[in-house]
Amino acid sequence: MGSNLGVTSRDQDYSAWYNELVEKAGLAEHSATRGCMVIKPHGYAIWELMQRALDDMFKETGHENAYFPLLVPKSFMSREAEHVEGFAKECAVVTHYRLKNAEDGSGVTVDPTAKLEEEYIIRPTSETIIWNTYKGWIQSYRDLPILINQWANVMRWERRTRLFLRTAEFLWQEGHTAHATWDEAEEEARTMLDVYRRFAEDFMAVPVLTGTKSEGEKFAGAEHTYCIEALVQDGRAIQAGTSHHLGQNFAKAFDVKFQNKEGELEHVYATSWGVSTRLIGTVIMAHSDDRGLVLPPRLAPVQVVIVPIGKGEDRDRVIAAADELADKIKTAGWDGVRVRVKVDKREKESPGFKFNDWELKGACVRVELGPRDLDSGACPAAIRHREGKETVALADLPSYVNQALTGMQSDLYAAAMERRVASTQRVDTWAEFEKVFEGEGGAGFVLAHWDGTTETEDAIAEKTKATIRCIPLNPLEPGDDEPGVCVLTGKPSKQRVVFARAY
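The opening position of the sequence shown corresponds to residue 13 in the numbering used here, with each subsequent residue numbered one higher.
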């Protein structure tokens, strides 16, 4: 098939294809602020659908939403040594609180007399200010657990950016919970990992691996980090979500103690967990094609588009029928909610342009409606991820749409799983490992033994640009969790771990 994007196909240049698609489908664009993006309405609509689904899942597991300040006192970042070291190079710092007109008339300048006594960090993540706050909320075991989520923006000073996948400012949610015991915090971290897994698979139609991060890849300040890892069409991995067991590290840093049931004081246990707008990039890279976006129906802003065809009186009649048909489809519903239907009433664009435009923007089902179709009682319909069209009786369109959306959601997951299986391999020698990662592209998931040291992990990454994506919680195949020898050093290895090149 040709490309609606006009320049690059996935096979020619996957990176250029992605960048073009994000901009031409009207999802996002680069802004005047270096490294930051403007999320356009069509892209933000995807985020809203993600947010709505995740928020429901969080609340079903007992969490509440709150909001904490954007600016974090610099001294807070110094409280937890590993944490500050992990984020120090990514922090944006506010040093002054006022501007003034320049004396030479060139514009505004920073007022040197308005220097802050203590600088503020624009939050790269909120553990420090939240734990300083929790200190005032927690005195007794009766105050626990605290199960809070925040929807917010954060800033990490990225030099190399890619829309949605890696930008200096991005949107996310961050959960921050406090518990009386290590086991309760561990249960929370695992629960939220499973929430992320279910969201990725059930809504994004993306199969993910669940596992723990290595010491070198874990969150700065965590005891251990759980993650979900996705594989996209070019064979690269994307870290799609993380859930961290923080132990007592932040409670000790901010002296957050509680009186337990025995009347003794002890530090609370903590978790944090988050996903971000990089999930939009993951969905695009997992499913889309050279004709444009392919979106799983549960996250598609427009699930059905009806394109009226006709001029003059015919056009008026067709539009009236299209509106009536849209209401019937909406009311029939799918997946427990009203179907998101758009009647494209634009006058300047031709039907052919509209067909291509909605294919580019990822409408799941396209219905073409003209005067002849009204007379015959049937019209052409196309499902985005399939080739060709089929003729559907107008009376049957609501049930046709229902079946089409159900089938598409299932088909996209099955296709992504089939690609992942085909792109997963096991290697046992360094020669095999190097051969798999020849060239610059993605190589899928590679399961290999590793001796457990950061030195070996760093050496492998330096030689091949492949990193340990996760230590799987469950073996992908029998034997993956059995001991062996490290693919690089030949030293003992507890189990195979997952390597890949990642975004």
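Don't be surprised by glycine CBs; every beta carbon is placed ideally from N, CA and C.
Measuring CA to CA, which of the options is closest to residue i?
i, options, result
"LEU221", "ARG508, LYS503, TYR281, LEU488", "LEU488"
"VAL268", "PRO410, LEU39, GLY119, LYS147", "LYS147"
"ARG293", "GLU235, ILE133, GLU131, TYR56", "Per the sequence shown, residue 293 should be read as Gly rather than Arg. For GLY293, the nearest C-alpha among the options comes from TYR56."
"GLN185", "SER138, PHE231, GLN251", "SER138"
"ILE160", "VAL317, ASP67, VAL510", "ASP67"
"PRO484", "LYS506, GLU467, LEU33", "LYS506"
"VAL458", "ALA514, GLU97, ARG171, TYR425", "ALA514"
"GLN63", "PRO495, HIS461, LEU291, PRO124", "LEU291"
"GLU35", "PHE176, GLN24, GLU94, LEU128", "PHE176"
"ALA263", "GLN151, THR466, TYR109", "GLN151"
"HIS257", "SER284, GLN271, ALA249", "SER284"
"ALA312", "ALA217, GLU129, ALA114", "ALA217"
"CYS103", "ASP23, ARG327, GLY74, VAL166", "VAL166"
"ALA234", "ARG310, GLU467, GLU92", "GLU92"
"PRO219", "ILE331, GLU278, HIS397, GLY253", "GLY253"
"ALA232", "SER255, ARG248, PHE215", "SER255"
"ASP492", "ASP123, ALA65, PHE270, TRP462", "TRP462"
"GLU199", "LEU183, GLU170, ALA282, ILE250", "ALA282"
"GLN260", "GLY275, HIS279, ARG248, PHE80", "HIS279"
"TYR425", "SER27, GLU444, ALA212", "ALA212"
"GLU444", "CYS498, ASN31, MET49", "CYS498"
"GLU27", "THR173, GLU494, GLU76, GLU94", "This sequence places Ser at residue 27; Glu is not what is there. Among THR173, GLU494, GLU76, GLU94, the Cα nearest to that of SER27 is on THR173."
"TRP442", "THR501, THR289, ASN31", "THR501"
Assign residue i to one of two classes, buried (16 or more other C-beta atoms within 10 Å of its C-beta) or exposed (fewer than that).
i, result
"TRP194", "exposed"
"ARG481", "buried"
"TRP149", "exposed"
"PHE365", "exposed"
"GLY454", "buried"
"ALA512", "buried"
"LYS71", "exposed"
"ASN144", "buried"
"VAL351", "buried"
"LYS225", "buried"
"ASP246", "buried"
"THR37", "Checking the displayed sequence, the identity of residue 37 turns out to be Ala instead of Thr. Buried."
"ALA78", "exposed"
"GLY8", "Lying outside 13 to 515, the shown extent of the chain, residue 8 is not represented and no answer is given."
"MET13", "The pLDDT assigned to MET13 is 38, lower than 50, so where the model puts this residue is not dependable; a value taken from the coordinates is nonetheless given after this. It counts as exposed."
"LEU518", "Not covered by the structure: residue 518. The range shown for the chain is 13 to 515."
"LEU386", "buried"
"LYS477", "exposed"
"HIS108", "exposed"
"GLN437", "exposed"
Looking at the unbroken alpha helix (DSSP H) that takes in residue i, where does it start and where does it end?
i, result
"MET204", "194-214"
"LYS112", "Here LYS112 belongs to no alpha helix (DSSP H); instead the beta strand (DSSP E) covers 111-113."
"GLY304", "No alpha helix (DSSP H) contains GLY304, which DSSP labels as neither H nor E."
"VAL433", "409-434"
"PHE365", "363-373"
"ILE341", "324-344"
"ARG398", "No alpha helix (DSSP H) contains ARG398, which DSSP labels as neither H nor E."
Which stretch, first to last residue, makes up the beta strand (DSSP E) that contains residue i?
i, result
"LYS354", "353-355"
"GLY253", "249-259"
"PHE182", "181-191"
"TYR26", "Unbroken run through TYR26 is the alpha helix (DSSP H), 26-36; no beta strand (DSSP E)."
"ARG442", "First, the amino acid is wrong: residue 442 is Trp here, not Arg. Not the beta strand (DSSP E): TRP442 falls in the alpha helix (DSSP H), residues 442-448."
"TYR56", "Taken as a continuous stretch (DSSP letters only), TYR56 belongs to no beta strand (DSSP E), being part of the alpha helix (DSSP H) at 53-72."
"THR479", "479-484"
"GLU41", "40-42"
"THR476", "No beta strand (DSSP E) holds THR476; the alpha helix (DSSP H) holding it covers 466-476."
"ARG378", "377-381"
"THR224", "220-224"
"PHE511", "508-512"
"GLU241", "236-243"
"VAL319", "316-320"
"ASP164", "Per the sequence shown, residue 164 should be read as Ala rather than Asp. Unbroken beta strand (DSSP E) run through ALA164: 158-167."
"LEU488", "Run containing LEU488: none; DSSP gives neither H nor E here."
"PHE176", "That residue, PHE176, is in no beta strand (DSSP E); it is neither H nor E in DSSP."
"PHE457", "457-461"
*Residue ranges of each alpha helix (DSSP H) run of no fewer than 4 residues wholly in the region 264-299, ordered along the chain?*
290-299
*Validate contact between the region 87-104 and the region 312-331 using beta carbons, cut 8 Å, 3 pairs*: no
*Is the region 412-428 touching the region 344-356 in the sense that three or more CB pairs, one from each, lie closer than 8 Å?*
yes
*Decide yes or no for the touch test of the region 205-221 against the region 230-244: beta carbon pairs closer than 8 Å, at least 3 of them.*
yes
_Segments of 4+ residues assigned as alpha helix (DSSP H) that fall wholly inside the region 73-139_ = 86-89, 93-99
*Looking at C-beta atoms only, is the number of pairs between the region 374-389 and the region 400-411 that lie closer than 8 Å three or more?*
yes
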